[in-house]
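As they're listed, the protein sequences go chains A and B. Note that the first sequence ends on residue 116 in the numbering used here; no numbers are left out. Note that the second sequence ends on residue 200 in the numbering used here; no numbers are left out. We put the CB at the ideal spot given by N, CA and C, even for glycine. This report concerns only the one structure given below.
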Amino acid sequence: NAGVTQTPKFQVLKTGQSMTLQCAQDMNHNSMYWYRQDPGMGLRLIYYSASEGTTDKGEVPNGYNVSRLNKREFSLRLESAAPSQTSVYFCASARDTENTIYFGEGSWLTVV
Amino acid sequence: DAKTTQPTSMDCAEGRAANLPCNHSTISGNEYVYWYRQIHSQGPQYIIHGLKNNETNEMASLIITEDRKSSTLILPHATLRDTAVYYCIVRVMNRDDKIIFGKGTRLHILP
């Protein structure tokens, strides 16, 4: 089992560029999440998806879009990157009948 | 907003018990208390969870007050490897919903 896999691990973007962070899980989980973590700060929820075909806003959704392509994959898109989006992004998944939230390794994004 | 409040940081001497408090005064009857920790910049790791009874596993113990408005995570013999940010969250089991982490407590284990 790979668990939760995120790509890319590192990315540098110029202001105004777009990019998509990919996330996939192989645990047949219903729920998937995208968080961002700024230096010295806690995790903040960007978007989440309770099931395939549904997405909902979290605490800080502005500037992002998401797609729950299928049960396995949940992507996060930055349409026009801004320096304020420089952060570490974590994807996570959870199953409603289990207790544990599983996290990916993180994606380090720098917008210059 | 996070439904929990935690101290920003704490220190604990190596080998001593680390007691990390969490307030969740608005917790609902069907919400569980979960604890996670994040070491360096890794993804958070599950530690323990509970509803109203005290819980213990190989990593830690969880003490929940009788009114369930607060809880304490106990690391019985802290080591340097326990230096991390510890997050307390509340969540309804068996329901897919958003999970808010808050800022957590930065625990420093002192040699």
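B:Thr94 places its beta carbon less than 8 angstroms from that of B:Asn112. Taking 8 angstroms as the CB threshold, A:Ile50 stays off the interface with chain B.
Cβ-Cβ distances below 7 angstroms link B:Arg105 to Ala167 in the same chain, with the five nearest sequence neighbours on each side left out; the list follows chain order. DSSP places A:Gln89 in the helix class (H, G or I) of the three-state scheme.
Contact with chain A is absent for B:Asp100, since none of that chain's Cβ atoms lies less than 8 angstroms from the residue's Cβ. The Cβ neighbour count for A:Gly110, taken over all protein chains shown within 10 Å, is at least 16; the residue is labelled buried.
The Cβ of A:Glu63 sits closer than 8 angstroms to at least one Cβ of chain B. Under the 8 angstroms Cβ criterion, the segment 16-34 of chain A counts as touching the segment 74-91 of chain A, having at least three qualifying pairs. Sorting B:Lys192, B:Leu196 and B:Pro133 by C-alpha distance to the C-alpha of B:Ile163 places B:Leu196 at the top. Contact annotation for B:Ser160 against chain A: no contact, minimum CB-CB distance about 15 angstroms [criterion: below 8 angstroms].
Around the beta carbon of A:Arg72, 16 or more other beta carbons sit within 10 angstroms, so the residue counts as buried.
Neighbourhood of B:Lys141 in chain A, by CB distance below 9 angstroms: empty, with the nearest CB roughly 15 angstroms away. Taking all protein chains in view, the Cβ of B:His138 is crowded by 16 or more other Cβ atoms within 10 Å, so the residue is classified as buried. The beta carbons of A:Val70 and A:Trp38 sit about 6 angstroms from each other, so the pair counts as a contact at 8 angstroms.
Taking C-beta separations shorter than 7 angstroms and ignoring five residues to either side along the sequence, the partners of B:Ile188 in its chain run Ile178 and Arg180, following chain order. If you draw a straight line from the Cα of B:Ala149 to the Cα of A:Lys13, it comes to about 31 angstroms. In chain order, Gly46 make up the part of chain A whose C-beta sits under 7 angstroms from the C-beta of B:Gly193. Leaving aside the five residues that flank A:Glu56 on each side, the residues in its chain whose CB is nearer than 7 angstroms to its CB run, in chain order, Arg72, Asn74 and Lys75. Residue contact with chain A for B:Ser130: present (Cβ-Cβ distance below 8 angstroms to some residue of chain A). Remark: fewer than three beta-carbon pairs, one from each stretch, lie closer than 8 angstroms, so the segment 113-124 of chain B and the segment 80-94 of chain A are not flagged as touching.
Bounds of the beta strand (DSSP E) holding A:Gln15 are Phe14 to Leu17.
Taking A:Gly62 as the centre and dropping the five residues before and after it, the same chain places the C-beta of Leu49, Ile50, Tyr51 and Tyr52 closer than 7 angstroms to its C-beta, in chain order.
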